[in-house]
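Heads up: the sequence shown begins at 33 in the numbering used here, then just goes up one per residue.
Don't be surprised by glycine CBs; every beta carbon is placed ideally from N, CA and C.
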Amino acid sequence: MLKTDTRQANWRRTNPGKYEAHLAMQRVVKAGEVAKDTCEVCGRASVDAHHDQYDEPLKVRWLCRRHHARLHHYGEDMFPIKGSL
Ligand SMILES: [Zn+2]
Ligand SMILES: [Zn+2]
Numbered sequence: 033m034l035k036t037d038t039r040q041a042n043w044r045r046t047n048p049g050k051y052e053a054h055l056a057m058q059r060v061v062k063a064g065e066v067a068k069d070t071c072e073v074c075g076r077a078s079v080d081a082h083h084d085q086y087d088e089p090l091k092v093r094w095l096c097r098r099h100h101a102r103l104h105h106y107g108e109d110m111f112p113i114k115g116s117l
């Protein structure tokens with residue numbers, strides 16, 4: 033328990049923008065202003081919000097844990113952003 037808290041606190045300190053973006057996203061999802069989507073790669077219903085740009089906290093991509101991890105591991109080129117142009 034304590035270990036997790038400390039790790040989260042460290043992450044928050046080193047990624048203040050990311051933390052704010054996650055909080056902002058959590059708020060709008062909770063308020064029902066933004067609906068969670070399915071994984072854009074495999075269509076799974078259990079998803080995380082992924083931020084391409086943390087200065088745009090409400091612009092997210094929905095990815096299941098597996099594809100989210102994969103995207104972070106291999107980089108953004110792995111799944112080109114749909115309709116970004
Ligand atoms: Zn997926
Ligand atoms: Zn992500």
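Start-to-end residues for the beta strand (DSSP E) that takes in residue i
i     : result
Leu95 : Val92 to Cys96
Residue i Cβ short of 6 Å to ligand 1 heavy atom set
i      : result
His105 : no
Val92  : no
Arg76  : yes
His99  : yes
Val66  : no
Between the CA atoms of residue j and residue i - distance to the nearest angstrom
i      : j      : result
Gly101 : His82  : What sits at residue 101 in the sequence shown is Ala, not Gly. Answer to the nearest angstrom: the Cα atoms are 10 Å apart.
Glu72  : Lys91  : 14 Å
Ala53  : Asp84  : 11 Å
Val60  : Gly49  : 17 Å
Glu88  : Met57  : 10 Å
Ser116 : Gly107 : The predicted position of Ser116 is uncertain, since its pLDDT is 46 and thus under 50; no value can be drawn from it.
His105 : Ala63  : 31 Å
Arg76  : Gln40  : 26 Å
Tyr86  : Leu55  : 11 Å
Trp94  : Asp80  : 6 Å
Residue i, enclosing alpha helix (DSSP H) - first and last residue
i     : result
Ala81 : No alpha helix (DSSP H) contains Ala81, which is instead part of the beta strand (DSSP E) from Val79 to His83.
Val61 : Pro48 to Lys62
Residue i Cβ short of 6 Å to ligand 2 heavy atom set
i     : result
His82 : yes
- Message: Below 8 Å, how does it come out for the region 42–49 and the region 61–68: are there three or more Cβ pairs, yes or no?
- Response: In short, these stretches do not touch, since the Cβ pair count stays below three.
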